[in-house]
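*Asks:* One structure, as structure tokens, below. Some questions next.
Residue numbers (UniProt numbering), protein chains in the order written: chain A, 1 to 144; chain B, 1 to 144; chain C, 1 to 483; chain D, 1 to 483.
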């Protein structure tokens with residue numbers, strides 16, 4: 001199987017019933033400045049809409065923002081839907097305030113474990129800067 | 001041995017090199033209002049001065065204020081000096097910020113143990129009100 | 001585009017038709033509030049001595065403040081446990097109220113996901129939702145919560161449509177729903193037209209009116225939290241315009257709640273002008289409304305460490321206190337991480353209560369800078385209000401819709417697709433929010449000049465041209481920890 | 001009574017005679033600082049890039065603030081560990097300085113007790129003294145501390161007599177001792193006559209002058225912390241009068257540090273009038289002094305819980321920032337219990353630093369209330385200053401002594417036996433400190449009336465006659481936790 005060529009393109013949006021768009025907005029600006037093609041979907045974005053946009057722009061990665069504490073619930077089944085849509089190997093990142101209970105946020109390895117189990121490549125804390133995310137993605141894509 | 005008659009009189013002052021006088025000042029006002037005879041010695045009071053005043057007014061108790069964290073050091077030998085002066089049974093209270101290290105303040109039973117060992121009848125936290133001290137002394141004197 | 005909505009009171013016939021056909025059938029728990037008169041009677045009983053409107057009135061008359069922490073957990077037990085904990089571990093009971101929020105699924109009427117979240121929370125032994133799913137639990141559970149607290153309850157119900165949630169909350173003796181439309185689409189919506197949003201909110205406002213007319217004073221929140229990054233003038237306009245819409249439906253008390261940008265003078269000017277103009281416009285249209293004001297802590301990104309968060313909690317509370325706002329809404333140090341824990345909320349109440357002890361009745365003294373800022377905000381809002389009334393032929397609802405459509409009602413950032421987003425705001429040298437770009441807003445020239453001059457001061461101070469990167473930096477300024 | 005002291009610069013002959021006969025022999029470590037020129041050279045080297053005066057100057061010019069936490073432990077290792085911890089866990093290094101204090105035995109020149117405290121601390125493995133015993137440890141240890149920190153060090157040396165402590169501190173590259181006399185007797189003394197206290201402090205001031213003249217700018221603190229419960233006018237008078245005494249000894253920089261009473265307007269007025277009048281009086285006598293200002297957090301009783309203490313930390317810092325004071329001195333949440341821990345001090349720095357981030361360059365806007373308050377304080381202080389100068393035949397030192405003796409220089413509460421204590425102060429409706437009784441102070445009638453009217457407002461607000469019990473309650477108002 002041949003390795004897919006890097007396209008420097010990403011889909012960015014806030015998942016689920018979450019209306020917080022600033023995090024995603026800053027992210028899309030950073031990635032555009034870094035020379036990426038960006039499909040920015042705003043807030044309150046269903047899983048399928050992320051995937052459709054990823055197909056449309058041939059995205060390397062989907063960057064999911066979740067700020068309201070229910071990211072763990074909203075992201076369930078995301079990798080499965082990607083696989084169904086033929087995006088088996090697409091990089092999935094999630095970041096923000098991804099869990100409502102503070103006891104879970106304070107147990108970050110458990111959060112990482114859960115998202116890894118759901119097929120996400122990385123999960124970022126809310127304090128991560130957009131520049132750090134861009135740097136990490138470039139490394140993961142081998143274009144750093 | 002006959003029990004000494006209660007005289008409703010107290011000596012109040014701030015011990016050692018400590019210049020904080022407000023605590024003692026509030027205390028003396030409260031005790032005066034409660035009908036006590038009060039010898040108020042202000043701040044920076046040596047042990048012997050407390051004792052001399054206690055003899056002079058035939059005090060039931062000496063109330064030692066210590067606000068600067070070195071009360072544990074300043075109170076050493078106080079009971080001994082009282083005994084020497086013939087005040088074997090005088091009630092000794094101490095209160096305030098009596099120990100510099102926070103770890104000691106947070107271990108209050110240890111503070112109580114140390115002052116008890118030094119012959120003090122009671123030790124009060126800095127958050128104790130003057131009214132509470134007056135109430136306690138009246139109980140200890142059996143005139144509540 | 002023809003605007004069908006009118007700023008007109010729903011008749012009883014219209015109201016009860018909507019109630020029966022649209023609202024109560026939304027979810028099974030709608031059945032529990034079918035008998036409105038009975039609900040009102042129970043609400044009267046349950047809110048005895050802890051009515052939100054009356055507590056606000058009392059505090060305003062005394063010149064004191066009502067502290068308003070926020071809470072909401074996936075399960076009723078967790079929620080009650082939280083309220084009881086905070087009330088036991090702070091002085092909330094002496095002068096306070098709760099803002100209980102629902103989870104975001106409930107706000108999107110996705111009661112199935114809310115139900116899944118309830119089950120999941122039970123399974124995990126943690127609150128996996130970001131609020132209390134009032135609709136799923138229904139009125140009896142809401143009454144349990146009301147009985148458990150010593151202070152009034154407000155309910156933050158909704159994104160697009162909080163009608164069923166409000167029915168349940170008011171029927172449980174909670175004395176506050178929300179009146180809002182532009183606020184809501186800018187803050188939380190994506191696709192709903194403003195016209196439809198106004199229609200939904202007319203119902204919620206009318207419901208508050210009916211309770212009030214029947215002896216249970218309801219004081220809905222009229223908030224402008226918006227996107228968290230909006231100009232003071234836009235915030236103020238949102239409150240004032242919506243005060244008219246609510247008043248038309250018979251709302252007699254309104255809690256004007258404004259999101260603070262954290263510039264002392266501008267925030268105070270914004271809150272005071274909002275109260276002044278809401279009063280004035282309501283009077284002009286013959287509405288008799290009593291207004292209260294409240295400051296909401298900064299809605300942008302919070303710092304991820306306790307001490308920096310405490311600095312924000314204190315500064316935000318101090319702005320509200322110095323303003324003389326009756327309500328002081330509280331966030332807590334968990335803000336950057338998760339939904340608030342009861343422990344952190346109790347801490348916030350303690351901080352704010354002691355600030356009130358320390359500050360007593362200290363207020364910002366009257367001063368020229370404040371008067372100027374008030375004059376500028378007032379001029380901007382008047383221009384917007386008058387243009388709306390003109391465009392709507394005297395009908396505020398119509399005018400607001402036309403303004404958004406044409407783009408002269410506009411703000412910078414929102415998930416809502418109908419907002420043009422042609423304006424840009426940026427902080428000036430003192431942290432006040434200014435227009436970098438006024439888009440198509442009908443800004444009086446002197447106001448435009450004022451904003452321009454204020455931004456020029458910043459450019460000069462920083463020795464660099466103003467640019468878009470500064471907008472982005474501004475968005476995150478309060479969350480950055482000095483290293 | 002004949003006053004022998006004069007406000008006159010010590011000659012070199014007088015200075016070195018006192019140095020040799022009184023100061024250096026106080027304790028064995030006096031030997032370590034015998035060679036003054038060598039000490040000055042080393043101090044120059046060690047304070048390179050972290051000179052207190054120059055850092056204040058830089059911050060004042062930029063319009064920013066220097067955060068000044070306080071620390072001091074019985075052992076050098078503990079002290080260094082604390083400074084390093086706070087600097088590693090906060091942003092102190094970017095714009096900060098330390099106020100290191102000694103233990104109270106050292107302040108009373110009871111070096112034997114200090115020595116016992118050192119031994120006891122080693123034995124217990126805890127700091128059993130309430131500060132760092134600088135005299136017992138001597139200059140080499142003080143230099144170790146200087147090398148360990150990234151920021152300037154100030155030293156809070158003394159009650160009656162800080163001369164040897166100051167010699168050691170300055171010789172170690174710490175750039176600040178204290179100039180004070182009335183401040184000190186009111187705050188910490190019992191029996192020493194003011195005349196003698198002035199004499200001791202002339203030496204300390206002259207020492208600072210000598211260092212400055214030889215290339216190591218020294219900026220002593222000129223504080224008015226006093227009893228913690230003093231009128232704004234009295235505080236201001238103490239600073240202004242002492243600024244003249246210090247200036248005469250060749251002190252070129254002074255850090256005017258004022259204890260805040262926590263009323264925003266009054267505290268700001270007090271700090272600003274102090275700077276204005278210190279400048280003016282020093283100019284009048286031909287002294288060329290550069291002044292900096294700093295706010296000291298409330299000196300009365302603190303609340304025994306973290307959140308209430310955090311509210312105080314924030315409000316006190318905000319007053320200093322709004323004032324535009326260059327220095328923001330910090331207490332921490334341990335205040336009610338014990339000497340500050342490094343962890344709590346780091347927290348205070350973080351809170352204050354984030355307040356500066358949030359507030360940026362926001363200051364109190366010019367306003368009538370502030371101008372009035374300034375005018376009243378100014379009138380009171382001018383009356384006191386002029387009366388002193390008159391009584392002293394133009395000599396401030398003599399005038400101060402005469403004023404205390406006659407009782408027209410007076411404050412309410414102090415352990416010092418020479419203070420008449422015929423004045424009473426009380427908080428007004430807004431928490432500003434007012435004269436309930438002006439005793440024999442030469443108060444201009446309009447100032448007296450002003451205070452009276454302000455207190456009448458409180459009586460009216462509380463619906464009760466003013467009485468002495470309210471004075472007592474006021475003493476504790478900030479430490480009470482709302483229940």
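Idealized CB from N, CA, C, for every residue including glycine.
Values in this document were obtained by computation on a predicted structure and should not be read as measured data.
What are the complete beta strand (DSSP E) segments, minimum 3 residues, inside the UniProt domain "B12-binding" (7-144) of chain B?
*Replies:* 9-14, 37-40, 61-66, 91-96 and 122-124
*Asks:* Can you pull the chain A neighbours of residue 339/C, defined as C-beta to C-beta under 7 Å?
*Replies:* 69 and 100
*Asks:* Out of curiosity, what's the CA-to-CA distance linking residue 98/A and residue 237/D?
*Replies:* Cα to Cα, the separation comes out at about 57 Å.
*Asks:* Of the residues 12/D, 73/D and 272/D, which one's Cα is nearest the Cα of residue 381/D?
*Replies:* With respect to the C-alpha of residue 381/D, the residue from 12/D, 73/D and 272/D having the closest C-alpha is 272/D.
*Asks:* Would DSSP call residue 256/C helix, strand or coil?
*Replies:* strand
*Asks:* Looking at residue 235/C and residue 159/C, is the spacing between their C-beta atoms short of 7 Å?
*Replies:* no
*Asks:* To test your reading of the DSSP string, which unbroken alpha helix (DSSP H) runs of 4 or more residues are found completely within the segment 174-236 of chain D?
*Replies:* 182-188 and 194-213
*Asks:* Apart from the five residues on each side of it in sequence, which residues of its chain come closer than 8 Å, Cβ to Cβ, to residue 54/D?
*Replies:* 217
*Asks:* When the Cα atoms are used, what is the spatial distance from residue 420/D to residue 406/D?
*Replies:* Per the coordinates, the alpha-carbon of residue 420/D lies some 9 Å from the alpha-carbon of residue 406/D.
*Asks:* Is the beta carbon of residue 64/B closer than 7 Å to that of residue 94/B?
*Replies:* yes
*Asks:* For residue 131/C, tell me which candidate among 75/C, 151/C, 182/C and 95/C has the shortest Cα-Cα distance.
*Replies:* 75/C
*Asks:* Among 314/D, 360/D and 373/D, whose alpha-carbon lies nearest the alpha-carbon of residue 347/D?
*Replies:* 314/D
*Asks:* State the start and end residues of the unbroken beta strand (DSSP E) segment that holds residue 132/D.
*Replies:* No beta strand (DSSP E) contains residue 132/D, which DSSP labels as neither H nor E.
*Asks:* Strictly under 7 Å for the Cβ-Cβ distance: is residue 91/D near chain C by that measure?
*Replies:* Yes, its Cβ sits closer than 7 Å to a Cβ of chain C.
*Asks:* If the cut-off is 9 Å on Cβ atoms, which residues from the segment 338-366 of chain C count as contacting chain D, listed in chain order?
*Replies:* For the segment 338-366 of chain C, the residues whose beta carbon sits under 9 Å from a beta carbon of chain D are, in order, 346, 347, 348, 349, 350, 351, 352, 353, 354, 355, 356, 357, 358, 359, 360, 361, 362, 363, 364, 365 and 366.
*Asks:* Taking the beta carbon of residue 101/A as the centre, do at least 16 other beta carbons fall within 10 Å, making it buried, or is it exposed?
*Replies:* buried
*Asks:* Does any CB atom of chain D fall closer than 7 Å to the CB of residue 310/C?
*Replies:* yes
*Asks:* Between which two residues does the beta strand (DSSP E) harbouring residue 154/C extend?
*Replies:* Where residue 154/C is concerned, the enclosing beta strand (DSSP E) stretches over 153-156.
*Asks:* Work out the CA separation of residue 258/D and residue 14/A for me, nearest whole Å.
*Replies:* 51 Å
*Asks:* For the beta strand (DSSP E) holding residue 426/C, just list the boundary residues, first then last.
*Replies:* Residues 424-427.
*Asks:* Exposed or buried, what is residue 120/D when buried is set at 16 or more other beta-carbons lying within 10 Å of its beta-carbon?
*Replies:* Buried, because 16 or more other Cβ atoms sit within 10 Å of the Cβ of residue 120/D.
*Asks:* Taking C-beta to C-beta, are residue 328/D and residue 67/D nearer than 7 Å?
*Replies:* yes
*Asks:* Cβ of residue 43/A less than 7 Å from any chain C Cβ?
*Replies:* Proximity of residue 43/A to chain C, defined by a Cβ-Cβ separation below 7 Å, is satisfied.
*Asks:* I'd like the list of long-range same chain contacts for residue 399/D, defined as Cβ closer than 6 Å, with 5 residues on each side in sequence excluded.
*Replies:* 388, 389, 391 and 392
*Asks:* Answer with buried or exposed for residue 494/D, where buried requires no fewer than 16 other C-beta atoms within 10 angstroms of its C-beta.
*Replies:* Chain D is shown only over 1 to 483; residue 494/D falls outside these bounds and no answer can be derived.
*Asks:* Along the chain, where does the beta strand (DSSP E) containing residue 98/C start, and where does it finish?
*Replies:* Where residue 98/C is concerned, the enclosing beta strand (DSSP E) stretches over 98-101.
*Asks:* When you compare the CB of residue 1/B with every CB in chain D, is at least one pair closer than 7 Å?
*Replies:* Residue placement at residue 1/B is flagged as unreliable, the pLDDT there being 48, under the threshold of 50; the coordinate-derived value follows with that caveat. No, no contact with chain D.
*Asks:* List the residues of chain B that residue 117/D touches, going by C-beta distances under 8 Å, in chain order.
*Replies:* 70 and 73
*Asks:* Hey, is residue 145/B's beta-carbon within less than 7 Å of any beta-carbon in chain D?
*Replies:* What is shown of chain B runs 1 to 144, which leaves residue 145/B out entirely.
*Asks:* Is residue 297/C close to chain G, meaning its C-beta is less than 7 Å from at least one C-beta of that chain?
*Replies:* The displayed structure is made up of protein chains A, B, C and D, and chain G is not among them.
*Asks:* Mark residue 96/D as exposed unless 16 or more other C-beta atoms lie within 10 angstroms of its C-beta, in which case mark it buried.
*Replies:* buried
*Asks:* Please list, in chain order, the chain B residues whose beta carbon lies closer than 8 Å to that of residue 472/D.
*Replies:* 26 and 29
*Asks:* Determine the direct distance from the alpha carbon of residue 386/D to that of residue 379/D, and round the result to whole angstroms.
*Replies:* 11 Å
*Asks:* Looking at the secondary structure, which residues open and close the alpha helix (DSSP H) in which residue 279/D lies?
*Replies:* 264-284
*Asks:* Can you find a CB in chain A that lies within less than 7 Å of the CB of residue 336/C?
*Replies:* Contact of residue 336/C with chain A is assigned, a C-beta pair being separated by under 7 Å.
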